[in-house]
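These notes are about the structure you will find just below.
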Ligand code: 7RM
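Residue numbers (the numbering used here): -19 to 630.
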């Protein structure tokens, strides 16, 4: 057995769902989960038909799944529905009519509450604005907005008329906008004058103008929401103001019944190589995945205030800020700004003030909070929280424990949810009232998810042996294609191992069936013939008391194949002493085994991250190997980080 496996197996702290959580939970025991899971795999048509019947269909399907043209799936064949009708209109006849659909706080501190009835009014009016501007069913519309309710309104308005939105994260450059316009052949853009970020204004409209200067592609219309009040250029004949357009429309806009396989959105995501892939999701299956996971994984109640901190520019924002919670009639809290503006207490102050019950955030944020210090959360009453979620990367045991104790007060289950842009919805996760959790394990597959760990030939490996994480059966919210490049869809996801979806992640499964995600396969090192997960070494590094955050990459090594290079940021107030580097190396050696001892530990002020918080290992690999940093850096949060990392050591 590899040393690294031993270290993961040594993580034995098991957290059982608390009794009073279980009492109210939908799924109350492992046995109940097992039973439902068995049915979902053995009789998927029956299982999904039952779940889908909780949605509103304008026309019932004739067949649950058509997989005869694999890997192209058709779910709920012949069925018709509308996503915006399911997320809004459906709630208007009962007690949810005047309930908050969205509670929003802007970075400067203003607050808005939008009820389901008000959301209906706004979405209908804006859908009429789209129609007025000649945007039709099937047209692609690029959305480039700050985190304001109008971003959700724009998405839902597109869904209402069958236009296909492609949200581009507000932190992306004009170059990225141009590429996405081009690839999606969008006919319109919805944007804002500007958005707030850490006290300054992001010039969104100007970025759109610059993108259109690079290549106007097929864009006929730009609709601009006034958010920040900054000066902008209005191109006559092309650009219109959102609020002016509203003067010409009424609130009558019936939802258009759409085929279950009608495209809902395209979302661009980076692959390991080449240009970003336009992941295409469709209507019925995607909505069901988002709906069903919010229901079971977050086990939502009508009285909940639910907060997913993701930006709508990421898939997490699509499924878990907008579509999933609204389909469940839940109150979705939305925040415009950064977690550390004006200080590191902002999130905790919001939770106290809004009495937030469910918090869903990313490990990178958690580690940043740890670094900032416990005094920030400890200043606030966080007792309203009852459930915590984690997404985006493996959560190391230290971050998990801090989240559990300091934020969750030791009382809240943590759902560590593994999924991808491509999967549309959560795939591997604990169900909070049913599944005992272990720090760093995403635990068990969600209903209908036939996940397995296989070797290169596609054969399932024994427990605790690492391999490729694959999904062997189609699931409702799976991507349908890569927009405009179906060959790449087949090649990227269905060719690595014949007949199954390969996620790009490495993982192992323990004897209880729990999944332990190691990370992207390209982040797995091979040091002297030993498989070593970079995230595992990182986890060992951050368990050292002086270390706040760490990123580990491989660099070519003549003897061992690959050597281990660790980039480390220290906790505030920690000084780099002469012995510290060696002490940290020794610590990793103790935690995992000598093989994992970093060959090089480099101290840094910050790590290069994408704006969604993922560490950019490609850049670190280049730096570690002494190369000049090249390639795409448009998703990088702060370019100056690279300059500092590349500079010679002290
Ligand atoms: C939702 C999202 C997908 C990649 C995926 C993994 C990593 C996501 C977890 C995780 C370990 C998790 N979509 N990942 N969640 N790794 N544990 N709970 O992040 O398309 O942007 O990224 O993120 O490597 O392949 S994504």
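Even for Gly, the Cβ is constructed at its ideal location relative to N, Cα and C.
Quiz item: Mapping DSSP to helix, strand and coil, what is residue 112?
Solution: For the purposes of this step, residue 112 is taken as residue 132 along the chain shown, with counting starting at 1. Helix, per DSSP.
Self-check item: Top-ranked residue by Cα proximity to residue 150, from 136, 140, 169
Solution: Sequence index remark: in the chain shown, residue 150 carries index 170 (1-based). Ranking the options by Cα distance to residue 150, first place goes to 169.
Quiz item: What is the DSSP secondary structure of residue 425, counted as helix, strand or coil?
Solution: Within the chain shown, residue 425 is the residue found at index 445, counting from 1. Note: residue 425 maps to strand in three-state DSSP.
Self-check item: Residue range of the alpha helix (DSSP H) that includes residue 571
Solution: Along the chain shown, read from residue 1 onward, the residue named residue 571 stands at position 591. Counting along the chain, the alpha helix (DSSP H) containing residue 571 begins and ends at 560 to 571.
Self-check item: CA-to-CA distance, residue 609 to residue 492, given in whole angstroms
Solution: As a first step, residue 492 must be located in the chain shown, where it is residue number 512. As a first step, residue 609 must be located in the chain shown, where it is residue number 629. Roughly 43 Å between the two C-alpha positions.
Quiz item: CB of residue 519 to nearest heavy atom of ligand 1: below 7 Å?
Solution: Position 539 of the chain shown, counted from the first residue, corresponds to residue 519. Checking the Cβ of residue 519 against ligand 1 gives no.
Practice problem: Label residue 283 either buried or exposed according to how many other C-beta atoms from any shown protein chain fall within 10 Å of its C-beta, with 16 as the threshold for buried. | Solution: The residue given as residue 283 occupies position 303 in the chain shown. With fewer than 16 Cβ atoms within 10 Å of its Cβ, residue 283 is classed as exposed.
Quiz item: If you scan the stretch 224 to 285 from start to end, which runs of the beta strand (DSSP E) of 3 or more residues do you find wholly inside it?
Solution: 243 to 249, 257 to 262
Quiz item: Is the closest heavy atom of ligand 1 to the C-beta of residue 295 under 7 Å?
Solution: One-based indexing of the chain shown puts residue 295 at position 315. Yes, Cβ of residue 295 sits closer than 7 Å to a heavy atom of ligand 1.
Quiz prompt | Own chain partners of residue 113 with C-beta closer than 6 Å, once the 5 adjacent residues on each side are dropped | solution = The residue given as residue 113 occupies position 133 in the chain shown. Correct list, in chain order: 201.
Quiz item: Touching or not, the stretch 193 to 208 and the stretch 152 to 160, by the rule of three or more beta carbon pairs under 8 Å?
Solution: Cβ pair count under 8 Å is three or more, so yes.
Exercise. Give the DSSP-derived three-state secondary structure of residue 314 in the structure shown.
Key: By one-based count along the chain shown, residue 314 stands at place 334. Strand.
Exercise. Please say whether residue 188 and residue 277 have beta carbons closer to each other than 8 Å?
Key: Here residue 277 is taken as the residue at index 297 of the chain shown, counted from 1. Here residue 188 is taken as the residue at index 208 of the chain shown, counted from 1. Their beta carbons are not under 8 Å apart, which means residue 277 does not touch residue 188 by this criterion.
Quiz item: Starting from residue 84 and walking both ways along the beta strand (DSSP E), at which residues does that stretch end?
Solution: The sequence position of residue 84 within the chain shown is 104, counting from 1. Residues 80 to 85.
Quiz item: So, is residue 358 buried or exposed, given that buried needs 16 or more other C-beta atoms within 10 angstroms?
Solution: Start at 1 with the first residue of the chain shown, and residue 358 comes out as number 378. Flag for residue 358 reads exposed.
Quiz item: Ends of the alpha helix (DSSP H) at residue 304?
Solution: Counting from 1 along the chain shown, the entry for residue 304 is found at position 324. It spans 304 to 307 - the alpha helix (DSSP H) in which residue 304 sits, taken as one unbroken run.
Exercise. Would you please verify whether the beta carbon of residue 195 is less than 8 Å from any beta carbon of chain C?
Key: Chain labels in this structure do not include chain C; a single protein chain is all it has.
Exercise. Check residue 400 in the structure and name its three-state DSSP category.
Key: Numbered from its first residue, the chain shown carries residue 400 at position 420. Residue 400 falls in the coil class under three-state DSSP.
Quiz item: In angstroms, rounded to a whole number, what distance separates the CA positions of residue 64 and residue 410?
Solution: The residue you call residue 64 lines up with position 84 of the chain shown. The residue you call residue 410 lines up with position 430 of the chain shown. Approximately 29 Å, taken between the alpha carbons.
Quiz item: Are the stretch 544 to 557 and the stretch 570 to 584 touching, with three or more C-beta to C-beta distances below 8 Å?
Solution: yes
Practice problem: Run the proximity test for residue 270: is its beta-carbon closer than 7 Å to any non-hydrogen atom belonging to ligand 1? | Solution: Stepping through the chain shown from its first residue, residue 270 is reached at position 290. It does not: the Cβ of residue 270 is nowhere closer than 7 Å to a heavy atom of ligand 1.
Quiz item: For the putative contact between residue 456 and residue 268, defined by C-beta atoms under 8 Å, what is the C-beta separation to the nearest angstrom?
Solution: Along the chain shown, one-based indexing puts residue 456 at 476. Along the chain shown, one-based indexing puts residue 268 at 288. Separation of the CB atoms of residue 456 and residue 268 is rounded to 5 Å, and the pair is thereby assigned contact status at 8 Å.
Practice problem: Specify the secondary structure class of residue 327 as computed by DSSP and reduced to three states. | Solution: Numbered from its first residue, the chain shown carries residue 327 at position 347. Correct three-state label for residue 327: helix.
Quiz item: Does DSSP put residue 177 in a helix, a strand or coil?
Solution: Position 197 of the chain shown, counted from the first residue, corresponds to residue 177. Three-state result, residue 177: strand.
Exercise. Could you spell out the range, first to last residue, of the alpha helix (DSSP H) harbouring residue 11?
Key: Locating residue 11 in the chain shown gives position 31, where the first residue counts as 1. Run containing residue 11: 10 to 22, per the alpha helix (DSSP H) assignment.
Quiz item: Looking at C-beta atoms only, is the number of pairs between the stretch 305 to 318 and the stretch 359 to 372 that lie closer than 8 Å three or more?
Solution: no
Quiz item: Going by other Cβ atoms of all chains shown within 10 Å of its Cβ, with 16 needed for buried, is residue 254 buried or exposed?
Solution: Taking the chain shown and counting its residues from 1, one reaches residue 254 at position 274. Reliability of the predicted coordinates at residue 254 is poor, the pLDDT of 47 falling under 50, and the value obtained from them is presented with this limitation in mind. Classification for residue 254: exposed.
Self-check item: At least 3 beta-carbon pairs within less than 8 Å: the stretch 3 to 21 vs the stretch 210 to 225
Solution: Verdict: no, contact absent.
Quiz item: What three-state label does DSSP hand residue 369 in the structure shown?
Solution: As a position in the chain shown, residue 369 is number 389, starting the count at 1. Strand at residue 369.
Quiz item: What did DSSP end up calling residue 583 once you bin it into helix, strand or coil?
Solution: On the chain shown, position 603 is the one that residue 583 refers to. DSSP places residue 583 in strand when its eight states are reduced to three.
Quiz item: Excluding the five sequence neighbours on either side, which residues of its own chain have a C-beta within less than 6 Å of the C-beta of residue 54, listed in chain order?
Solution: As a first step, residue 54 is located in the chain shown; it is residue number 74 there, counting from the start. Excluding sequence neighbours, residue 54 sits near 46, 241.
Quiz item: With a cut-off of 8 Å, do at least 3 Cβ pairs link the stretch 386 to 393 to the stretch 444 to 458?
Solution: no
Practice problem: Return the CA-CA distance between residue 60 and residue 238, expressed in angstroms with no decimal places. | Solution: Residue numbering aside, residue 60 sits at position 80 when the chain shown is read from its first letter. Residue numbering aside, residue 238 sits at position 258 when the chain shown is read from its first letter. Taking the straight line from one Cα to the other gives about 5 Å.
Practice problem: Determine the burial state of residue 130: buried for a count of at least 16 other Cβ atoms within 10 Å of its Cβ, exposed for fewer. | Solution: For the purposes of this step, residue 130 is taken as residue 150 along the chain shown, with counting starting at 1. Result: buried.
Quiz item: So what does DSSP say about residue 152, is it helix, strand or coil?
Solution: On the chain shown, residue 152 is found 172 positions in, with the first residue counted as 1. Three-state DSSP puts residue 152 in coil, outside helix and strand.
Exercise. Report yes if the CB atom of residue 351 is closer than 8 Å to the CB atom of residue 529, and no otherwise.
Key: Taking the chain shown and counting its residues from 1, one reaches residue 351 at position 371. Taking the chain shown and counting its residues from 1, one reaches residue 529 at position 549. A Cβ-Cβ contact shorter than 8 Å links residue 351 with residue 529.
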